[in-house]
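Heads up: the sequence lines are chains U and A, in that order.
Heads up: the first sequence begins at 1 in this note's numbering, then just goes up one per residue.
Heads up: the second sequence begins at 537 in this note's numbering, then just goes up one per residue.
Cβ atoms here follow ideal geometry from the backbone N, Cα and C, with glycine treated the same way.
Remember, predicted model here, so these are calculated numbers, not experimental data.
2 protein chains.
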Amino acid sequence: MLGAMQDWTMRVTRVIDHAAREAGAREIVSRWADGTETRTTWAGIRGDALKLAQALDAAGIEPGDRVASLAMNHSRHLVSWYGVAGMGGVLHTVNPRLFEDQLEYIVNHAEDRVLLYDAAFQPIVDRMRDRWPTVEHYVCYDPPAGSDVTGFEDWIAAHDGDYRWIEGDERDPCMLCYTSGTTGNPKGVLYEHRSTVLHALSGLQTSAFNFSPSSVMLPVVPMFHAASWGLPYAGAMAGIKFVFSAVNDPAVLDELMKREGVTDSAGVPTVWLAHFQFCDANNLELPKLRAATIGGSAAPRFMIERLMKNGTRVQHAWGMTETSPIGTVGGPTTDWDNLTFEEKVETTAKQGRPIFGVELRTIDLDDPTKVLPRDGETSGALQIRGPWIIKRYFKAEQDATDADGWFDTGDVGILHPDGTLQLTDRTKDVIKSGGEWISSVELENAAVGHPDVAEAAAVGMPHPKWDERPVLFVVRKEGATISDSDVIDYLKDKVAKWWLPDAVEFVDDIPHTATGKISKKDLRERFKDYTLEGAT
Amino acid sequence: MLGAMQDWTMRVTRVIDHAAREAGAREIVSRWADGTETRTTWAGIRGDALKLAQALDAAGIEPGDRVASLAMNHSRHLVSWYGVAGMGGVLHTVNPRLFEDQLEYIVNHAEDRVLLYDAAFQPIVDRMRDRWPTVEHYVCYDPPAGSDVTGFEDWIAAHDGDYRWIEGDERDPCMLCYTSGTTGNPKGVLYEHRSTVLHALSGLQTSAFNFSPSSVMLPVVPMFHAASWGLPYAGAMAGIKFVFSAVNDPAVLDELMKREGVTDSAGVPTVWLAHFQFCDANNLELPKLRAATIGGSAAPRFMIERLMKNGTRVQHAWGMTETSPIGTVGGPTTDWDNLTFEEKVETTAKQGRPIFGVELRTIDLDDPTKVLPRDGETSGALQIRGPWIIKRYFKAEQDATDADGWFDTGDVGILHPDGTLQLTDRTKDVIKSGGEWISSVELENAAVGHPDVAEAAAVGMPHPKWDERPVLFVVRKEGATISDSDVIDYLKDKVAKWWLPDAVEFVDDIPHTATGKISKKDLRERFKDYTLEGAT
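Structure representation (structure tokens):
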């Protein structure tokens, strides 16, 4: 060696050690399902994580073993993130909203040996226990008084915290998260220590999460969704205060945000929508947040406008379980200060720009060998690569990437010259009509702008001449009487003429996936015998 | 493999690729020594770096070879940072202010094969050429018209840029920087690709450099000083605009800052002082910067106050060549919004907090086995470890760290419970009196608050009873007639009584090192026969 800088393995334990050392007294507040609240600190989280590591050791759990959590957001879940990683284990965050068959599949596929769960999910545990033969230990985070289940606090209290984190390779896994899987079985994504640390570090930057030491974050995005977007790691690196709520009732969130001085929050669009509705119904002002991260699906324009008018910076983000999940984040751009409010909204409505580490490209939907220009106009299949992007699914026989390392996201989007990503659809939902592509998402977004439309889903239906033509399924708002021609008329000045649906079908409901997205697969299944009028 | 995220070596080329891809049109402005200006972009920097890599290849330079630069700040120097690293080479940034013996030593020690230099340093090149036998190629960044030296632009113009960056291990070196060495020969610090990327990424965060896409940075800190604090890498990651000046004339800097919309700058305290004096003398307002990073030595309080009153966030930083260099940076703290202006100044006058990756501790000055508490009171020898901290100097026979990986910084400081570092002295300058420690720096800082004192240096002189007692060497301001008792009287309510110097000696000048710091070594040498009155 000619000379060298220090050896330093990139392990998740570095993150909690840093937080406990540099922001040891900074608070972590938890509002539990039963309405009680507890407070701890970064030093407290680390202390309990050390005890949990000992408890797992004592239970015979080995490095590499999977420990499942079936839980909402709270400090004990956070302790588990660091405690499991600290003993070399892999925390498998299970989405409690999955269907039973999926719950059975993933716990068995993961071979989880321990399950840490919220009392609220005791019914799931009781129903599934016999179908989860690999699970040897069940530990309840918040056991009801008098219950005979093993309680998390008691379980770790048997240990003294005198423990050294397990060292290992930085490419070792530390977390396992399954995709909700709109087709086929859920697939497991194994996050590594290294990928997790790099993802969080890049996410810290000013143009992404923008955490400063005075930040107070209430993440509404569940800890079982793609590592809660990496926030519990990034927040620890920056030493911020966290406020967790185990319930997503807007009344509870609103009260917590206002009382605890919350500056930042993060969630899917429906969370913000529910918050708006709650504040409006109760004649309350929205919390004065500094920043709101919105991801999971595209934020509607009125949501962005309303938050921005309230003085909140909107960080519109795109990613997926396979991307840890941050791919792009929208924050103020180069020319931000010179933009009108309308232009700022327009910019924010796109999905932001890749943070350092992430590389994007778009590919022609018809010719996968053709890389598309970043011209702000041409849309294509979105591909991604980088250190926190999946290479191979858990236990898969082959890589999920192509020969050059690109992972196909299944999304369709446009790349702009300044790096901005504008998502337009999913590859399997985009509608091919006469050799051209129609974005189902843009049709839906235009339709839900109508005050009488509660929800809309556009699906391509077979057509002998055009290949496919769009049909729009619409759920009317309660009491509304809107007709199909009303919808078409409304859309006329919002989309190209040849994009106008061939039919509008009113339905009582639209099916959703476990993560709350429209399930076009189920919709297509429901309407598999549908025939377009005039299409024979 | 159970599953995996993607392979992605942390190489410096990732940084320039990202900047060229995501912020390709963002400008890089250079103001040259002859007064001319040129403009390029991140895409242009990358394009030229590819050509430089080819030119180095063509000249027979191999991966691992050292390429020296003797240059101020400008775009061609920036091209060299990325071009040399891109072909696997190591850029050795030589400080042109070093003495000839040091210049001879380091170029020979580094075995530099190419020297890229500014025309302003042609006299150094002419004088040193015969003493630099390893240098095979001399290339001038800005050759005067009609000169017959090889010009950088011509040299790289012979190539087409059709080049693939050399891949390699992320622990390969990419840059070499020598300490100015107040004792013994200068020592080389080899920055690695990995350490450089991690350092820049952590430096990007809101509580450190806080770059956003709209940032426009004029770094006054030279590119030959500790990688210009990593700014050229962090700036590329964030896609900011850079404005470089090859001269540090405050008139030029002021004009550039105002004309180019500069939002951020970085430099040592004397740079800011010169800027204040220039603006005052010419009745100009200070530039309205968003942020000023000050490092290299401690910023005086009046400087912090004046910048903050001008609406500028002061990022008071601490580090050294051996630490890449960022150890700590001061930005707004947890309770910032609740502090009075005075308290904000007080907080900012300390050296900030370690960014993620850096770990600090203090050790008893008398008992090196004793780790001191982080109580905000106890001062001791400052030690550091982390991924961008030195392990072993270039060509050294042994590590520069102790068995636990700690590097002793030679600084003396206090750690506060919230992680804040407060530097008090250098280990070799702190004065031991009666078993207690007196900070020479605090004495000096107190003394220079007197309006008649231009500069002051405190040195411990041998004393038979107390071991050492402080003597204060003072340079009077021009025309001032201050006496030794005036100085002592002035200090009486500023330092503890037993800290008061036993003698004040007026001198015409105080010696400085090549980096502009007070050279106590030279001062001690000059006064080696000094005897304290009454000390026999």
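Note that the C-beta distance between residue 475 of chain U and residue 447 of chain U is not below 8 Å. Selection U:525, U:444, U:52, U:198 evaluated against residue 159 of chain U yields U:52 as nearest (Cα-Cα). Under the Cβ distance rule, residue 927 of chain A counts among the residues neighbouring chain U, one pair being separated by less than 8 Å. The residues 357, 358, 359, in chain order, have a CB closer than 7 Å to that of residue 386 of chain U in the same chain once the five nearest residues on each side in sequence are set aside. Between residue 324 of chain U and residue 199 of chain U a beta carbon distance of about 4 Å is seen, short of the 8 Å cut, so the two are scored as contacting. Counted as a single uninterrupted DSSP element, the stretch harbouring residue 461 of chain U is not any alpha helix (DSSP H) but the beta strand (DSSP E) occupying residues 453-463. Contact of residue 645 of chain A with chain U is not assigned, every C-beta pair being separated by 8 Å or more. Just measuring C-alpha positions, the residue of U:5, U:527, U:513 sitting nearest residue 729 of chain A is U:5. By the neighbour-count criterion, in which 16 or more other beta carbons inside 10 Å mark a residue as buried, residue 987 of chain A falls on the exposed side. Counting other Cβ atoms within 10 Å of its Cβ, residue 998 of chain A stays below 16 and is therefore classed as exposed. Ranked by Cα distance from residue 64 of chain U, the first of U:168, U:249, U:150, U:456 is U:168. When only Cα atoms are considered, residue 862 of chain A and residue 179 of chain U end up about 39 Å apart. For residue 556 of chain A, the closest of U:432, U:419, U:258 by C-alpha to C-alpha distance is U:419.
Excluding five sequence positions before and after residue 425 of chain U, the CB atoms of its chain that fall closer than 6 Å to its own CB belong to 412, 439, 440, 441, given in chain order. Under the DSSP definition of a beta bridge, residue 117 of chain U partners with U:70, U:140. Residues of chain A whose Cβ lies closer than 8 Å to the Cβ of residue 21 of chain U are, in chain order, 895, 955. Leaving aside the five residues that flank residue 1054 of chain A on each side, the residues in its chain whose CB is nearer than 7 Å to its CB run, in chain order, 993, 1046, 1048. Selection U:185, U:362, U:368 evaluated against residue 382 of chain U yields U:362 as nearest (Cα-Cα). Under the DSSP assignment, residue 727 of chain A falls in the beta strand (DSSP E) whose first and last residues are 724-728. With its beta carbon at least 8 Å from every one in chain A, residue 153 of chain U lies outside the interface. No Cβ-Cβ contact shorter than 8 Å links residue 1031 of chain A with residue 857 of chain A.
For the pair residue 854 of chain A and residue 831 of chain A, the CB atoms are nearer than the 8 Å cut-off. Taking residue 692 of chain A as reference, the option from A:549, A:910, A:958, A:620 with the minimal CA-CA separation is A:620. Cβ-Cβ separation between residue 829 of chain A and residue 851 of chain A: approximately 4 Å, consistent with a contact (criterion under 8 Å). For residue 394 of chain U, the chain A residues whose C-beta falls within less than 7 Å of its own C-beta are 538, 539, listed in chain order. At a cut-off of 8 Å between beta carbons, residue 728 of chain A contacts chain U. Identification of chain U residues near residue 610 of chain A by a Cβ-Cβ cut-off of 8 Å yields none; the smallest Cβ-Cβ distance measures about 22 Å. In this structure residue 73 of chain U does not touch residue 287 of chain U by the C-beta definition: roughly 17 Å separates them, more than the 8 Å allowed. The beta-bridge partner set that DSSP reports for residue 811 of chain A is empty. Within the region 485-527 of chain U, the runs of alpha helix (DSSP H) that reach at least 4 residues and sit entirely inside it are, in chain order, 520-526.
Annotated three-state conformation of residue 829 of chain A is strand, per DSSP.
Between the alpha carbons of residue 784 of chain A and residue 1003 of chain A lies a gap of roughly 43 Å. Under DSSP, residue 711 of chain A takes part in a beta bridge, and its partners are A:627, A:727. Taken through DSSP and simplified to helix, strand or coil, residue 918 of chain A comes out as strand. Counting along the chain, residue 884 of chain A sits inside the alpha helix (DSSP H) bounded by residues 877-885.
Within 9 Å of the CB of residue 388 of chain U, the CB atoms of chain A belong to 541, 542, 544, in sequence order along the chain.
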